[in-house]
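> Residue numbers (full-length UniProt numbering), protein chains in the order written: chain U, 1 to 122; chain V, 1 to 493.
Beta carbons: idealized from backbone N, C-alpha and C, even for Gly.
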């Protein structure tokens, strides 16, 4: 079986989704919310998403990719929001391998090479 | 007459493993063997100048099976976890002191080894990852493979699955570092651990015997005791060989008074397992170095810290003619870090007669690359390099020890100024009032220039850094006296 994608909005849903796939390798991309036209308030997320999606075919078998919208700009800017507090996120976009210290932040997510490295190497 | 200039091809070819070696063009400008402090700094620097660089890093697992990621000793099993665990121990002390400053808590304070170790390992993991990103971002090729020379300009890289690949490069940098030495007695590899295992040990070590008197031994013994464990240090002769002995003895005294047991002038001759477990129970038999006395002791863990040996004997140096010191394994280099083979350089702990410190390796690596690829001429300055030993009472030093100064300049030509001090923070909790100590050694014949600085006290590393810069500028005693102190801090002494 290859990899699969799940989507989540907000912290609670993210945690529930991650729990559902407990035991499998989980990769997550955190982006700012999108408006009715599908554009995110976070310009770097707009740049990063296509780069990340293009590398998804490199995900290991059995792994899960969670695409998570964190919230609106105001929520994100709050230094105490759950993503910052519990997941130690410092910026969006963040692409990480759940449960490990491996992550890519902001412009690092624009680099296909780095995304590929995160998906494919130990 | 002028000979027609042949293409830059070697006239001889060598048969190596069935292949003809030494091609006209190389796979890489530079291959770095060893992804530690020196190797990574050099690799990143070379990439900045547009060079095609490869880093090979491979950790041969310890006898206990421990291994780690990219970054070398400092990041994984050295400076970083050491300082964090030292900090854990200091915080334990601070919690005790805090009651005297009015903090009230009824619960007894206990330490959880697993919580600390997991946090430390998590941080190290983020550093390993950071290095991977940095290398990739700088277009440096990294392979987790064991590198060894097989012929001129040619290296074989073997990964953990045993797959072999050959690579060639115009130049090589050996930065393979060192690994802990074992005693060579029955039971050492089967039952003892080293610093390579300690920082990721998946269980609390319990009652521990530390064998050795190096800074590694004393730092580890120090923080283990600070975390509440029963610790004994077995010393063959003196403490901290190579360091100022006056300071070394003060460190030992302090540790003894604060619960570390010392067994002096004994060496272990046998380690046996009484009971398996995590930790188990071990029986250690030791012999006196001054007589025939034999003693026995029981411990949960035996930590060997008797020295480190360079990783230079199994990397094919003989195949390319790189000379090493047969006795120590170290590589002699000239003042440009070049070995006797002109296209092979070396940096870091493996160098003969150079300080084994991360910042030294980094500095030497960077300057070497700048000289090779950016036309720089600056050589690494190994003089007046500051260091700090993170024993429970920290020791910072820069320059000559008292013994070395006397030997070099003569006792009548040096003046030693010293003082005990009582950190203000220690007064209220009634901690020792005569243990912290500082001394400077001055050269009378050279305007009383400060040639040695030693301090024993909290935050010694932070204190020493500034003084190291002053010594590099040639500070004299008079200038030091004329510098007004900051009050109330330890450094004002």
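Which residue marks the beginning of the alpha helix (DSSP H) containing residue 329(V), and which one marks its end?
On the second chain, residue 329(V) is found 329 positions in, with the first residue counted as 1. First-last for residue 329(V): undefined, no H or E at that position.
> What's the gap between the Cα of residue 125(V) and the Cα of residue 69(V)?
To locate residue 125(V), count along the second chain from 1; it is residue 125. To locate residue 69(V), count along the second chain from 1; it is residue 69. Residue 125(V) and residue 69(V) have their C-alpha atoms roughly 8 Å apart.
> What three-state label does DSSP hand residue 79(V) in the structure shown?
Counted from its first residue, the second chain places residue 79(V) at position 79. Reduced to three states, the DSSP call for residue 79(V) is helix.
> Bridge partners for residue 310(V) per DSSP, in chain order?
Numbered from 1 along the second chain, position 310 holds the residue referred to as residue 310(V). DSSP, once it has assigned bridges, lists 178(V) as partnering residue 310(V).
> Between which two residues does the beta strand (DSSP E) containing residue 9(U) stretch?
Here residue 9(U) refers to the residue found at position 9 when the first chain is read from its first residue. 4-9 is the extent of the beta strand (DSSP E) around residue 9(U).
> For residue 31(U) versus residue 13(U), is the C-beta spacing smaller than 8 Å?
Taking the first residue of the first chain as 1, we reach residue 31(U) at position 31. Taking the first residue of the first chain as 1, we reach residue 13(U) at position 13. Against a cut-off of 8 Å, the Cβ pair of residue 13(U) and residue 31(U) comes out as no contact.
> Identify the continuous beta strand (DSSP E) that holds residue 43(U) and give its terminal residues.
Within the first chain, residue 43(U) is the residue found at index 43, counting from 1. Note, residue 43(U): premise wrong, no beta strand (DSSP E); alpha helix (DSSP H) at 43-55.
> In this structure, how does DSSP classify residue 515(V) when only helix, strand and coil are distinguished?
No answer is possible for residue 515(V): the residues shown for chain V start at 1 and end at 493.
> Three-state secondary structure (DSSP) at residue 165(V)?
By one-based count along the second chain, residue 165(V) stands at place 165. In the structure shown, residue 165(V) sits in a strand (DSSP, three-state: E or B).
> What does the Cβ neighbour count give for residue 8(V), buried or exposed, with the cut at 16 atoms within 10 Å?
Working through the second chain from its first residue, we reach residue 8(V) at position 8. Because residue 8(V) carries a pLDDT of 41, less than 50, the predicted location of this residue cannot be relied on, and no value is offered for it.
> Classify residue 54(U): buried if its beta carbon has 16 or more other beta carbons within 10 angstroms, exposed otherwise.
The residue you call residue 54(U) lines up with position 54 of the first chain. Exposed, by the Cβ-count rule.
> What is the DSSP secondary structure of residue 90(U), counted as helix, strand or coil?
Within the first chain, the letter at position 90 stands for residue 90(U). Note: residue 90(U) maps to coil in three-state DSSP.
> I need the straight-line Cα distance from residue 70(U) to residue 34(U), nearest angstrom please.
Here residue 70(U) corresponds to residue number 70 of the first chain, with the count starting at 1. Here residue 34(U) corresponds to residue number 34 of the first chain, with the count starting at 1. If I take the Cα positions, the gap works out to 10 Å.
> State buried or exposed for residue 484(V), treating a residue as buried only when at least 16 other CB atoms are found within 10 Å of its CB.
Taking the second chain and counting its residues from 1, the one referred to as residue 484(V) is at position 484. Of the residues assessed, residue 484(V) falls on the exposed side of the cut-off, its CB having fewer than 16 other CB atoms within 10 angstroms.
> Grab me the residues of residue 424(V)'s own chain with a C-beta within less than 6 Å of its C-beta, minus the 5 sequence neighbours each way, in chain order.
In the second chain, the residue the question calls residue 424(V) occupies position 424. So the list reads 488, once near-sequence residues are dropped.
> Sorted by chain position, which residues of the same chain lie with C-beta nearer than 7 Å to residue 439(V)'s C-beta, five sequence neighbours on each side aside?
The residue you call residue 439(V) lines up with position 439 of the second chain. Contacts found: 416, 417, 418 and 454.
> Give me the Cα-Cα distance between residue 67(V) and residue 59(V), rounded to the nearest whole angstrom.
Looking up residue 67(V) in the second chain gives position 67. Looking up residue 59(V) in the second chain gives position 59. Computed Cα separation, rounded: 6 Å.
> For the candidate residues 84(U), 114(U) and 97(U), whose alpha-carbon lies nearest to that of residue 63(U)?
Reading the first chain from its first residue, position 63 is the one you call residue 63(U). For residue 63(U), the nearest C-alpha among the options comes from 97(U).
> Within 10 angstroms of the Cβ of residue 486(V), are there 16 or more other Cβ atoms? Answer buried if so, exposed if not.
Here residue 486(V) refers to the residue found at position 486 of the second chain. With fewer than 16 other Cβ atoms from the protein chains shown falling within 10 Å of its own Cβ, residue 486(V) counts as exposed.
> Going along chain V in order, which residues have a C-beta closer than 9 Å to the C-beta of residue 106(U)?
The count along the first chain starts at 1 and reaches residue 106(U) at position 106. Within chain V, no residue comes near residue 106(U); the closest Cβ sits about 12 Å away, beyond 9 Å.
> What does the Cβ neighbour count give for residue 473(V), buried or exposed, with the cut at 16 atoms within 10 Å?
Walking along the second chain from the start, residue 473(V) turns up at place 473. The residue in question, residue 473(V), is exposed, as its Cβ has fewer than 16 Cβ neighbours within 10 Å.
> Can you tell me whether residue 446(V) is buried or exposed? The criterion is at least 16 other CB atoms within 10 Å of its CB, across all chains shown.
Along the second chain, one-based indexing puts residue 446(V) at 446. Its Cβ having fewer than 16 others within 10 Å, residue 446(V) is exposed.
> Spatial neighbours of residue 332(V) within its chain, please: C-beta separation below 6 Å, excluding the five flanking residues on both sides.
For the purposes of this step, residue 332(V) is taken as the residue at position 332 of the second chain. Short of 6 Å from the beta carbon of residue 332(V), and not among the five residues preceding or following it, lie these beta carbons of its own chain, in chain order: 352.
> Determine, using beta carbons only, whether residue 168(V) and residue 26(V) come nearer to each other than 8 Å.
Numbered from 1 along the second chain, position 168 holds the residue referred to as residue 168(V). Numbered from 1 along the second chain, position 26 holds the residue referred to as residue 26(V). The answer is yes: Cβ separation under 8 Å.
> Going along chain U in order, which residues have a C-beta closer than 7 Å to the C-beta of residue 125(V)?
Here residue 125(V) corresponds to residue number 125 of the second chain, with the count starting at 1. 100 and 101, listed in chain order.
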